[in-house]
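4 protein chains.
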Amino acid sequence: MEPNRVHQVKIRPRMTADELVRAMGQAGAFNGGALARACDIYEEMLRDREATRFFGLAGAMVPAGMGGIVADLIDRGHIDILVSTGANLVHDVIEAIGCHHVHGTAVCSDVDLRDREINRIYDVYLSDDAFIRLEEFLQGVFADLPSDRPLTISGLLAELGGRLDRGILATAARKKVPVFCPALQDSVLGLQFWLFSQTRPVVVDAFRDMKAMIDACYGAERAGAMLIGGGVPKNFILQGMLLTPHGFTWAVQLTGDRPDLGGLSGATLDEARSWGKLTAEAQGITVYGDATVTLPLLTAAVLERLDHG
Amino acid sequence: MEPNRVHQVKIRPRMTADELVRAMGQAGAFNGGALARACDIYEEMLRDREATRFFGLAGAMVPAGMGGIVADLIDRGHIDILVSTGANLVHDVIEAIGCHHVHGTAVCSDVDLRDREINRIYDVYLSDDAFIRLEEFLQGVFADLPSDRPLTISGLLAELGGRLDRGILATAARKKVPVFCPALQDSVLGLQFWLFSQTRPVVVDAFRDMKAMIDACYGAERAGAMLIGGGVPKNFILQGMLLTPHGFTWAVQLTGDRPDLGGLSGATLDEARSWGKLTAEAQGITVYGDATVTLPLLTAAVLERLDHG
Amino acid sequence: MEPNRVHQVKIRPRMTADELVRAMGQAGAFNGGALARACDIYEEMLRDREATRFFGLAGAMVPAGMGGIVADLIDRGHIDILVSTGANLVHDVIEAIGCHHVHGTAVCSDVDLRDREINRIYDVYLSDDAFIRLEEFLQGVFADLPSDRPLTISGLLAELGGRLDRGILATAARKKVPVFCPALQDSVLGLQFWLFSQTRPVVVDAFRDMKAMIDACYGAERAGAMLIGGGVPKNFILQGMLLTPHGFTWAVQLTGDRPDLGGLSGATLDEARSWGKLTAEAQGITVYGDATVTLPLLTAAVLERLDHG
Amino acid sequence: MEPNRVHQVKIRPRMTADELVRAMGQAGAFNGGALARACDIYEEMLRDREATRFFGLAGAMVPAGMGGIVADLIDRGHIDILVSTGANLVHDVIEAIGCHHVHGTAVCSDVDLRDREINRIYDVYLSDDAFIRLEEFLQGVFADLPSDRPLTISGLLAELGGRLDRGILATAARKKVPVFCPALQDSVLGLQFWLFSQTRPVVVDAFRDMKAMIDACYGAERAGAMLIGGGVPKNFILQGMLLTPHGFTWAVQLTGDRPDLGGLSGATLDEARSWGKLTAEAQGITVYGDATVTLPLLTAAVLERLDHG
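Chain order of the listed sequences is F, A, U and Y. The numbering of the first sequence is this note's numbering, which starts it at 52 and goes up by one. The numbering of the second sequence is this note's numbering, which starts it at 52 and goes up by one. The numbering of the third sequence is this note's numbering, which starts it at 52 and goes up by one. The numbering of the fourth sequence is this note's numbering, which starts it at 52 and goes up by one.
As structure tokens, then:
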């Protein structure tokens, strides 16, 4: 088969995820081609036993049911360092303590929802009750925290994970994978911790987690980044290389943003080369689209490949 | 399993396309949830033996290798009427006469490409040579056309398909599926036909194809629309109902456009209800994203379901 | 002032449109910078007395109130050839015969709107009554058309414009500016003409307009293209150069689409260079965004410059 | 004039920004209509002497020359609380110490740029030299910081602003407007501070700024939010109301994101009502598009209105 040629896709019933992705790769164009390329890069990154794998998690991925994929990747040993928005961790804890997000519709009256004590995340609904139970859980954990020394954000998150038995924080705690969340204040978790801090002399050092992050970048033989969305997680992972002589060797970005607006979230991974965040030879690809489609497909294809040895 | 709850996705190696889509459907949020819903609607539409199925094809789908899916759907009897942009048919003929699109890169000098006689479609390249061979083929077919009466565009396309042995037009001709292309002039096929018309007194009646289209809408027991992209194909299919007392019963739209710009291509299918193009009870869903990802996944999942009987 | 430097924008009350655009140009980044560059290109194109200016009109621009800008540009002699979607012309006639679009909301029940006989275009509403009055007007004009020879689409549109006293078609008819609409069938105008054609032996030759279009491209000393949205108008204008040894010298595109989906509507103007549609030296720029914002601002800035002589 | 009717836009040379926006408002559709509505809301919010005005700054606004608008709004007393990404503040300091961003192009070799020690932000370039000078400045300021007690992030930023004579931080320090930056670690400023913290026992309390933020929300008679982009600034401002019985009375969002991806950055302001972040009666509008276009136009129109008394 000529590798350079666009092959018209041929669908066969019962194709596996990887068979489908390989067909997309032979077509090879636009974001379908990029997704196939992303699978190749992610596979290589996961197969390299000496690589350090960073995972950035932005967007409302846990409310959308994608948290299960992240927890599973941690469990399988495919994530060494997780950087997340605060919101994803809030919703992870909510699910882990037994509350549920439910399917709704985005075409609705939000004033009515407020009257019914329902919070909306596009077409996902969550009742106020979940936040009440979250508060009980969090305040209970916070009350047990040591207050004689400054805490780190990752330490605080590990404490939470240690009290939970499922989800991202629980799995990360069990597997000793650090979870960084530079903007934890910017979440209900942050609001709850702040409430707690009004009653107790606790200090969380905003900068202390950076040492572990930068050490991980400095010490990495080779490093790879899987970035879901942009935001703080993307930048915090990529900037980790700025203080080192290294750069990322692999990077995959699944995002719905666009480059021409100039923001970091939509910036190409090529742009990151100019900053030295990726090496000149690095393999990097951006797949534009909704990660609720691309992440399951990419993960299923790559786990299928790894399963084959 | 509670149907209304967001289930965190669990990936297992070797999941089939439909298993993956069903997992997305249990997560059920954002465009992943929409894609799962689209599979349900498309499955129902294909299973209904009395339904008339319209298929709209816009965007550079054939250069991207998606033409094979369309030809296959025609071959399996899942498309009764195809409406396409001219460009997709141009590239379908180019592939059918043995020329190929090849993988390139979008980050390049287009002036260099011009010097090298390469035409770019984002990250797909096509050499000028293909257009020379296309011209030879087309002028040969045109020379055999009857010139004693006005032609229809679909008739012209059926003539082309009848001389080809693979691809969309060939399969449509073999299966007697009409192909409508209201803006055929707006393509290299149109340019070539116009060149031919300078030497021969041929007339193509712009409006004569509308009768078959509107009759199909009028006569449909139930009608479904699968819309890839927007543009003329989407509108031409949906407007077919305006002169009838009916509306579409099912509609699925795979598009990268967005509704807030007000254009028809990004308009929701709900908007089409206000016009009476969809019935009040119709099932309609839009999946936002690149069809080079969503079309293969949707097709694989639905063919898998149909294969199971 | 260093031309190459990003200057922080300084807003002064009562800035004119052009002063504002020039400030954006000194900032010079992202789409604000592109818009300033677009003004420079459009100004140069309009000042060149020997240039032929093409204007492509896609998207729901007339329902959004942008038709007034297009009519005014024709009236001022700034458009030599207009290529439009059918829908914009339908809504232009609707306004010209005294019906109005009204402000609505996109968050609504489209089933309710249908019950109230209101058709929605994102947040613009139009009553069924407008289409009844449109039908009366059109059928009256059609009845007077000659039926002894094939018509052209532009001829049909000129007949309509000749019976109207305001709007795009009226102004184009008065100024003898040809209006091309390759996919006229794909509109309510097309549906109405088809209904008429069921009662009378009229033929509209789909290809005859191409001669005027290609002659205009062939004969142009220099040619410029202003493209609002993509679709058929963009392609039909740009492809006009494929049969000539020339290319466009200037091109400006205002679009909300994105290049990575591979479709022509979002394709960069650089891509058009690889096809020879733009010359290697052509000045071309794409401004990504909603034309209901960018078109008024660009037009106001450029007319202000021309007004200064 | 009928207020509900779409008026076709009429451009006159030398229209001021506000005249242009009012014409867009009479057209009233899509994002042009939304921008006009945003001006009305922002005007009302700025005219209300008892309102507290929050301003969220995400996206690469300072490299794009939009920082001048923000500094000017602070200077005019129109911003009471600023929440920013770290990156915007980094680039604000860079400009304030006399370094410049320059115009480049996004179609380039990023590997070449790296060799030339140039960092790219879409089509804006910044040399490595700027970061060397930034380091000198920052380390000098940091060395003077008190180390006997935990610092706040806003306190640290006020120290920086106090040593500068222009730009956002300088103006905010002069006008005593607090600047919050929850994810300061996620920026070069954060990296530099962390380097400093390796040599000195300094602690920055991640949560201490929340008190001032929440007190501001709690104590506001009425509150308004102007949100440029999404990210941490948007969420941190809106979540401030969650611990109060109040909600925002006015909110305007200028963003290029889209709601269907489910992320907070693209979420509608209606969604925020379901959470109680906006009141049921609040006036809120989202203008989709690039803020390098919409922010200057909106600001110019509103300052023009305020200037008229």
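Cβ atoms here follow ideal geometry from the backbone N, Cα and C, with glycine treated the same way.
Here Ala-209(F) has Ala-224 as same chain residues with Cβ atoms under 6 Å from its own Cβ, once five neighbours each way along the sequence are excluded. Pro-284(F) is positioned such that its CB atom lies no closer than 8 Å to that of Ala-263(F). For Asp-123(A), the three-state secondary structure derived from DSSP is helix. At a cut-off of 8 Å between beta-carbon atoms, Gln-236(U) makes contact with chain A. Contact of Leu-312(A) with chain Y is assigned, a C-beta pair being separated by under 8 Å. In the same chain as Leu-348(A), and ignoring 5 residues on each side of it, the C-beta atoms closer than 8 Å to its own belong to Ala-68, Leu-71, Val-72 and Leu-86, in chain order. In this structure, DSSP gives Ser-135(F) an extended state, which the three-state scheme calls strand.
In this chain, the beta strand (DSSP E) harbouring Phe-106(U) covers 102-108. For Asn-286(U), the chain A residues whose C-beta falls within less than 9 Å of its own C-beta are Thr-136, Gly-137, Ala-138, Ala-234, Asp-237 and Ser-238, listed in chain order. Pro-310(A) and Thr-319(A) have their C-alpha atoms spaced approximately 6 Å apart.
Phe-287(F): not part of any beta strand (DSSP E); member of the alpha helix (DSSP H) spanning 282-290, first to last residue. The CB of Tyr-339(F) comes closer than 9 Å to the CB of Arg-309, Asp-311 and Leu-312 in chain U, given here in chain order. In the structure shown, Gln-243(U) falls within a helical segment according to DSSP collapsed to helix, strand and coil.
Considering only Thr-345(U), Ala-352(U) and Arg-356(U), the residue with the shortest C-alpha distance to Gly-83(Y) is Thr-345(U). The beta-carbon distance between Leu-329(U) and Cys-232(U), rounded to whole angstroms, is 24 Å. This is too long to meet the 8 Å contact definition. Each residue's CA atom was taken as its position, placing Leu-185(F) and Leu-133(Y) some 29 Å apart.
Assigned with DSSP and collapsed to three states, Asn-82(Y) falls in helix. Taken in chain order, the unbroken stretches of beta strand (DSSP E) that lie wholly in the segment 272-353 of chain U and span 3 residues or more are 273-279, 299-306 and 329-339. Collapsing the DSSP output to three states places Asp-199(U) in coil.
In this structure the segment 157-175 of chain F lies against the segment 103-120 of chain F, because at least three pairs of beta carbons, one per stretch, are closer than 8 Å. Chain Y has a Cβ within less than 8 Å of the Cβ of Lys-61(U). Shown here for Gly-282(A): same chain residues with a beta carbon closer than 7 Å to its own, the five before and five after excluded, namely Ala-109, Thr-136 and Ser-316 in chain order. Counting along the chain, no beta strand (DSSP E) covers Val-162(A); the unbroken alpha helix (DSSP H) around it starts and ends at 161-166. Counted as a single uninterrupted DSSP element, the stretch harbouring Arg-65(Y) is not any beta strand (DSSP E), since DSSP gives it neither H nor E. Between Leu-97(Y) and Arg-104(Y), the CB-CB gap stays under 8 Å. Taking 8 Å as the threshold, the shortest C-beta distance from Ser-198(U) to chain A does not fall below it. Between Arg-56(F) and the set Pro-64(F), Arg-63(F), Gly-79(F) and Ile-62(F), the nearest pair of CA atoms involves Gly-79(F).
Contact check between the segment 232-248 of chain U and the segment 147-159 of chain U: fewer than three CB pairs, one atom from each, fall below 8 Å, which does not count as touching. Taking a Cβ-Cβ cut-off of 7 Å, the neighbours of Ala-80(Y) in chain A comprise Gly-313, given in sequence order. Of the candidates Leu-207(U), Val-158(U) and Asp-143(U), the residue whose Cα lies closest to the Cα of His-152(U) is Asp-143(U). Residue pairing by DSSP places Tyr-176(U) opposite Val-153(U) and Arg-171(U) in a beta bridge.
Using a CB distance cut-off of 8 Å, Val-158(F) counts as an interface residue toward chain U. Taking Val-353(U) as the centre and dropping the five residues before and after it, the same chain places the C-beta of Cys-90, Tyr-93 and Glu-94 closer than 6 Å to its C-beta, in chain order. When only Cα atoms are considered, Ser-238(F) and Trp-326(U) end up about 50 Å apart. Membership of Cys-268(A) in the alpha helix (DSSP H) is indicated by the continuous run 260-270. Contact annotation, Phe-81(U) with Gly-313(F): C-beta distance approximately 4 Å; criterion of less than 8 Å satisfied.
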